[in-house]
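J.:
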Amino acid sequence: MLRAWICTTLCRNQSCGGCTSSWNAWHRPPAGRCRRRPYLPILIFVRCKGSFRVTECPASLLALQRAVSLGDLSAAEAVRRQHARLLARHASWHCASWVPEQAPMPGAGPLAGVALAHKDIFMLAGRAPGLGLGPGQPRPLAQPAAAIRSLGAAGAVVMGTLAMAEYACGSTGDNEWLGRCVNPRDHAAVVGGSSSGSASAVAAGLTLASLGTDTSGSVRIPAATCGVVGFKPTWGAIPTEGVQPLAPSLDTVGVLARDSVDAALLFEVLRDPVLPRPAVPGVLRVAAWLDDAALHPDVAGLLQGLARTCGAREQAFPSTEFERLSMLAEIVLRAESARTYGAVLKASDLPPRARDLVLGGLVLPRDWHGAALRARGGALRDFVAGHFGEADVLMLPALPQPVPDWRRVAPDEAQFQVRELLALHRYMGFVNYLGLPALVLPVAEDANGRPVSVQLLARPHREADLLSFAARLESSHAVAGRKAVPLML
């Protein structure tokens, strides 16, 4: 088990009570130490009249839940510590759109003591979402989104909202109003999007988990670039009531977390209770699609080694099938985005990425959208029959390339490479079109120390298969996502 090797300067007067600021500090474990523990404790350093004291805060939902239930930490104190950490450090990463000065009151239930910050796309009690255009505005009669209500009923409270691409259109983390969100794993690396603030905050330890939305990879892309878990359940498994839509036929509420156990814990609270609960097979059969010509050799080598270790059977994914599904996904995305924001485009100037997406939808032939939706059921049946006949979990890349520098995927930068920007989406859109559950998990590092992630798919409503297999991988492979993030002064 990994101990938290953290440089500390202890307060000379630990009971002074004169705290003025706090932040979390991380330190890499010494070389050669085991990295298999999925829960790194987060320590909050608190400045006390010129000296320091240090207070441990559990760094996983499961550990926090256990600490509160055993009485080691009160729910009120747990919420206060989590809020203080986010309030003190979010500006370093440009990851939040709104954090209140006062900590919220703790809730009651199995998640009592849990305080989370979420993508700023959800309706909150008395507050409309900001949608990446700035902080959301008070709306006295607003009711929280269904997912927020579910978490609240379990005892979790909201301590802030997190940055996102404007109108959820964008995969780089750039934002004209909020600034460029920073990747805690590597400041030069792209942070991904559109749930950019969620991935950054989870990777930096500022929130133990975060709700995001995934329409064409918006949870999974930033999870892969920041080295955290990105979980997209089956389309419709989590209600989208109270979530600002982009493309309703694709929109899915997802979870970003530091490990798959925490993602499973939240999904149990969030899932529609009427959905089936199939049992997980004792032995999960795994197939791997890792022969795509677009796959970078370094990424291919790392993931092929993982597949061999897992005993995964190689599986072909014909390029014609892949390209057709990706094209159908793009048609639905563009057509429905145009329906959602076409009026906004006419009334005001949309940000460039949103404008391009909406304009692309407005010029599509009118019957293409309906045809793409009519083909969806048959495409799903064919995909399940062809790829899950002898497999329970399908393993494929999350990204076809090493995580790129942000300057190489920002269109207004001199180093911009359009192929690297498009590559962020390569393995994403078709999953949304089919409505399959998917989970992105960091399993290795490239030569530059950036995370390399695998993407896991399962049959519809077989999230338990994904989460169970991911937990097994984490015990031996998923070290990159839990790596300590250096303190940024």
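Per the numbering used here, residue 12 is the first one in the sequence shown, and the count goes up by one each step.
Built from N, CA and C at the ideal position, the CB exists for glycine as well.
Note that this is a predicted model, so its numbers are computed, not measured.
In this structure, does DSSP put P362 in helix, strand or coil?
T.: It is coil, neither helix nor strand.
J.: Using only the alpha-carbon positions, how far apart do A349 and G372 sit?
T.: Approximately 5 Å between the Cα atoms of the pair.
J.: Taking its Cβ as the centre, do 16 or more other Cβ atoms sit within 10 Å of L97, making it buried, or is it exposed?
T.: Looking at its Cβ environment, which holds 16 or more other Cβ atoms inside 10 Å, L97 is buried.
J.: If I measure Cβ to Cβ from A176 and keep anything under 6 Å in the same chain, skipping five residues before and after, which residues do I get?
T.: Here the set comprises G143, G204 and S205.
J.: Indicate the three-state DSSP secondary structure (helix, strand or coil) for A482 in the structure shown.
T.: The answer is helix: DSSP assigns A482 an H, G or I state.
J.: With burial defined as no fewer than 16 other Cβ atoms inside 10 Å of the residue's Cβ, what is the status of L81: buried or exposed?
T.: With fewer than 16 Cβ atoms within 10 Å of its Cβ, L81 is classed as exposed.
J.: P462 lies in the beta strand (DSSP E); which residues open and close that run?
T.: From DSSP, the beta strand (DSSP E) with P462 extends over P462 to L468.
J.: Within 10 angstroms of its Cβ, does T351 collect 16 or more other Cβ (buried), or is it exposed?
T.: So T351 ends up on the buried side.
J.: For A501, I'd like the list of residues in its chain whose CB is within less than 7 Å of its CB, leaving aside the five on either flank, ordered along the chain.
T.: Any question about residue 501 goes unanswered here, given that the chain covers just 12 to 500.
J.: Per DSSP, H129 is paired with what?
T.: Answer by DSSP bridge pairing, in chain order: T172.
J.: Would DSSP call S487 helix, strand or coil?
T.: Note: S487 maps to coil in three-state DSSP.
J.: Output the distance between the C-alpha atoms of M338 and A156, rounded to the nearest integer angstrom.
T.: Near 31 Å, if we compare the C-alpha coordinates of A156 and M338.
J.: In chain order, what residues of the same chain lie with their CB nearer than 6 Å to the CB of W379, ignoring the 5 residues before and after it?
T.: The residues are I342.
J.: Indicate the three-state DSSP secondary structure (helix, strand or coil) for V414 in the structure shown.
T.: Three-state DSSP puts V414 in coil, outside helix and strand.
J.: DSSP on A299, reduced to helix/strand/coil?
T.: The answer is strand: DSSP assigns A299 an E or B state.
J.: Once the 5 residues before and after S478 are set aside, which same chain residues still bring their CB inside 6 Å of it?
T.: Residue identity differs from the one stated: residue 478 is Leu in this sequence, not Ser. Taken in chain order, the residues that qualify are S271 and A275.
J.: Given that a residue counts as buried once 16 or more other Cβ atoms are within 10 Å of its Cβ, and exposed if not, what is R377?
T.: R377 should be labelled exposed.
J.: Flag S330 as yes when its Cβ comes closer than 7 Å to any non-hydrogen atom of the ligand MG, and as no otherwise.
T.: Among the components modelled here there is no ligand, and therefore nothing to report on the ligand MG.
J.: Starting from the Cα of W417, find the closest Cα among D131, V90 and T236 and give me that residue.
T.: That would be T236, whose Cα lies nearest to the Cα of W417.
J.: With distance defined between alpha-carbon atoms, name the residue in L356, L162 and Q154 nearest to F278.
T.: Closest option to F278, Cα to Cα, is L162.
J.: Hey, out of A164, A158 and P233, whose CA is closest to D283's CA?
T.: Among A164, A158 and P233, the Cα nearest to that of D283 is on A158.
J.: What are the boundary residues of the beta strand (DSSP E) that includes G208?
T.: Note, G208: premise wrong, no beta strand (DSSP E); alpha helix (DSSP H) at S207 to A214.
J.: D11: which of P287, V201 and T172 sits nearest, CA to CA?
T.: The question about residue 11 has no answer here: the residues shown for the chain are numbered 12 through 500.
J.: As a quick exercise: from A258, I249, V297 and N459, pick the residue whose alpha carbon is nearest that of P415.
T.: With distances taken between Cα atoms, P415 lies closest to N459.
J.: Residues in its own chain within less than 7 Å of S221 by CB, not counting five upstream and five downstream?
T.: Excluding positions up to five away in sequence, the list reads L127, A128, H129, K130, L173, S209, A212, V213 and L267.
J.: Starting from P233 and walking both ways along the alpha helix (DSSP H), at which residues does that stretch end?
T.: Residues R231 to C237.
J.: So what does E456 bridge to, in DSSP terms?
T.: Note: E456 sits in a beta bridge opposite P462.
J.: Can you say whether S33 is buried or exposed, counting buried as having 16 or more other CB atoms within 10 angstroms of its CB?
T.: Residue placement at S33 cannot be trusted, given a pLDDT of 29 that sits under 50; the coordinates are not used to answer.
J.: Compute the Euclidean distance between the alpha carbons of C45 and G190, then round it to the nearest angstrom.
T.: Interpretation of C45 is limited by its pLDDT of 36, a score under 50 that renders its predicted location unreliable; the figure taken from the coordinates is listed afterwards. Going by the C-alpha atoms only, they are around 37 Å apart.
J.: What residue does the beta strand (DSSP E) around T251 start on, and which one ends it?
T.: Here T251 belongs to no beta strand (DSSP E), and DSSP marks it neither H nor E.
J.: Under the rule that 16 or more other beta-carbon atoms within 10 Å means buried, what is V240, buried or exposed?
T.: Result: buried.
J.: Around the C-beta of V230, are 16 or more other C-beta atoms found within 10 angstroms, so that it is buried, or is it exposed?
T.: By the 10 Å Cβ count, V230 comes out buried.
J.: I'd like the list of long-range same chain contacts for L313, defined as Cβ closer than 8 Å, with 5 residues on each side in sequence excluded.
T.: Closer than 8 Å at Cβ, skipping near neighbours: V454, A455, D457 and V463.
J.: Could you give the distance in angstroms between the alpha-carbon of L407 and the alpha-carbon of L301?
T.: Spanning the two alpha carbons is a distance of roughly 6 Å.
J.: Are G137 and P149 closer than 8 Å when you measure CB to CB?
T.: It is a contact, given that the beta carbons lie within the stated cut-off.
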